[in-house]
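Be aware that the sequence shown starts at 4, since it is given in my numbering, and climbs by one per residue. Step one of this worksheet: look at the structure below.
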Amino acid sequence: MDVLTRTIDDASPLINYQPVGSWQQTVADAAHQNQYYADTLTTTFDQMASASFSFNGTSITIYGSKGTDHGNYTVAIDGRMVDCTGFMVGANASRVPIFTADGLHPVLHTVIVTNGGSTALDIDSVTWTSGSGSSSTAGVNTTLVDDGDSSFEYTPEGAWSMKPSNLNLFNGTTGHTTSNQGASVRYMFTVRSAISLYGTVGPQNSAYNVTLDDWPMKTLNATRAKYEPQTLLYYADNIGHGAHTLTLINAGDMNVDIDYAILRQSVPRYAFLS
Numbered sequence: 004m005d006v007l008t009r010t011i012d013d014a015s016p017l018i019n020y021q022p023v024g025s026w027q028q029t030v031a032d033a034a035h036q037n038q039y040y041a042d043t044l045t046t047t048f049d050q051m052a053s054a055s056f057s058f059n060g061t062s063i064t065i066y067g068s069k070g071t072d073h074g075n076y077t078v079a080i081d082g083r084m085v086d087c088t089g090f091m092v093g094a095n096a097s098r099v100p101i102f103t104a105d106g107l108h109p110v111l112h113t114v115i116v117t118n119g120g121s122t123a124l125d126i127d128s129v130t131w132t133s134g135s136g137s138s139s140t141a142g143v144n145t146t147l148v149d150d151g152d153s154s155f156e157y158t159p160e161g162a163w164s165m166k167p168s169n170l171n172l173f174n175g176t177t178g179h180t181t182s183n184q185g186a187s188v189r190y191m192f193t194v195r196s197a198i199s200l201y202g203t204v205g206p207q208n209s210a211y212n213v214t215l216d217d218w219p220m221k222t223l224n225a226t227r228a229k230y231e232p233q234t235l236l237y238y239a240d241n242i243g244h245g246a247h248t249l250t251l252i253n254a255g256d257m258n259v260d261i262d263y264a265i266l267r268q269s270v271p272r273y274a275f276l277s
């Protein structure tokens, strides 16, 4: 599998902030645009509040802020605990690494950042690398599949609308939305490298349950302070050959919006002998 490097904003539902209510999202005003990745930052002042993220990969960097109002925190990964500090004398620094790990085995990892006191702890973005860079592949083919493709199955049909809010911000100005708890979408595909599903997050978005094939179901939350279209709702890589089914279920009574999926397929490198 080729090397894939991905970055997600702090607003991504793939980051699990706990406990609920302990983290607040800041949206940059006009005077502070470009200070944060995608102009948002998620912050806690609560001791033992945590943010966790799971990924398949060989390296990860978490970005946030440092300054005089920041303090100690811990990062746990693969059973190893690392003591860190965000305290820094002088002007606050934003969009800086607050944790980095590389040289990891290319397997599933979970990283947990936990605030050590009542000082500030920020999450701005997460970047990780997956794949081995094997010489047996020549690159990656990327295919975008829009929400209206026949590979998407929306159930029950009457619970879904094709007129989500801000439709002009969706890819191809098409999308599906539901506010019905229990309404689901199944996406059926064949790929062996990676699957990404995109939708929206924001104040009117809901929590949802998602599972791939027979993998354990995850509960993720798309409720955020700022509305953001074309946001990564689910990602998985190194999923193996053959047919797969991704199922997403609305776990609340607010909106789940589906925009598109992206499939990544490794291209084999062939050697021809004369």
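Just so you know, even glycine gets a beta-carbon here, dropped at the ideal spot from N, CA and C. Bear in mind that the values here come from a model prediction, so they are computed numbers and not experimental data.
By the 10 Å Cβ neighbour count, where 16 or more other Cβ atoms means buried, how is residue i classified, buried or exposed?
i, result
"ASN171", "exposed"
"ALA94", "exposed"
"TRP218", "exposed"
"SER139", "In this prediction, SER139 scores a pLDDT of 49, lower than 50, which makes its location untrustworthy; no coordinate-derived value is stated."
"VAL92", "exposed"
"GLU160", "exposed"
"LEU147", "exposed"
"GLY24", "exposed"
"SER209", "buried"
"ARG83", "exposed"
"ALA52", "buried"
"PRO232", "buried"
"HIS35", "exposed"
Could you please give the first and the last residue of the uninterrupted beta strand (DSSP E) stretch that includes residue i?
i, result
"LEU124", "124–126"
"LEU200", "197–204"
"VAL116", "110–118"
"TYR20", "19–21"
"MET84", "83–88"
"VAL188", "187–193"
"ARG227", "It is not in any beta strand (DSSP E) - ARG227 carries neither H nor E in the DSSP assignment."
"GLY74", "It is not in any beta strand (DSSP E) - GLY74 carries neither H nor E in the DSSP assignment."
"TYR237", "231–240"
"PRO100", "96–104"
"GLU3", "Since the displayed the chain opens at 4 and closes at 277, residue 3 lies outside it and no answer follows."
"THR45", "43–47"
"ASN59", "53–60"
"TYR40", "Note, TYR40: premise wrong, no beta strand (DSSP E); not H, not E."
"HIS247", "246–253"
"VAL92", "Looking at the DSSP string, VAL92 is not in any beta strand (DSSP E), and its letter there is neither H nor E."
"VAL213", "210–215"
"VAL30", "27–30"
"ASP12", "7–12"
Apart from the five residues just before and just after residue i, which ones in its own chain have a Cβ nearer than 6 Å to its Cβ?
i, result
"GLU156", "ARG189"
"THR45", "ASP13, TRP26, GLN28 and ILE126"
"THR180", "SER164, PRO167, ASN258 and ASP260"
"LEU200", "LEU236, TYR237 and ALA264"
"THR88", "ASN75"
"GLY151", "THR177"
"ILE18", "ALA54 and PHE56"
"ARG267", "VAL143, THR145, SER196 and ALA197"
"TYR230", "GLY205"
"GLY1", "Outside the displayed span of the chain (4 to 277) sits residue 1, for which this structure offers no information."
"LEU249", "TYR190 and LEU215"
"LEU7", "SER133 and GLY134"
"VAL194", "LEU266 and GLN268"
"VAL85", "VAL78"
Determine whether the Cβ of residue i lies closer than 8 Å to any Cβ atom of chain C.
i, result
"ASN37", "The chain inventory of the structure shown lacks chain C, comprising one protein chain alone."
Since residue i and residue j are thought to touch, with beta carbons under 8 Å apart, how far apart are those beta carbons, to the nearest angstrom?
i, j, result
"PHE173", "ASP262", "5 Å"
"ALA31", "HIS73", "Not confirmed; about 18 Å, so no contact."
"ILE252", "ASN212", "5 Å"
"GLY60", "SER133", "4 Å"
"THR130", "ARG9", "7 Å"
"SER187", "THR158", "5 Å"
Within a Cβ cutoff of 8 Å, which residues of the same chain sit near residue i, ignoring the five residues on either side of it in sequence?
i, result
"GLN50", "ASN118, GLY119, GLY120 and SER121"
"HIS108", "THR61"
Short of 7 Å in beta carbon distance, which residues of its chain neighbour residue i, apart from the five on each side in sequence? Order them along the chain.
i, result
"SER15", "THR234 and LEU235"
"ASP81", "HIS112"
"SER154", "VAL148, TYR190, MET191 and PHE192"
"ASN182", "The identity of residue 182 in the sequence shown is Ser, whereas the question assumes Asn. Answer for SER182: ASP256, MET257 and ASN258, listed in chain order."
"THR222", "ALA210, ASN212 and ALA254"
"ASN224", "PRO16 and ALA210"
Practice task
Say whether the stretch 111–120 touches the stretch 57–65, bearing in mind that this needs 3 or more beta-carbon pairs closer than 8 Å, one atom from each stretch.
Solution key: yes
Problem - contact_flag[the stretch 95–104, the stretch 232–239] where n(CB pairs < 8 Å) is 3 or more - result: no
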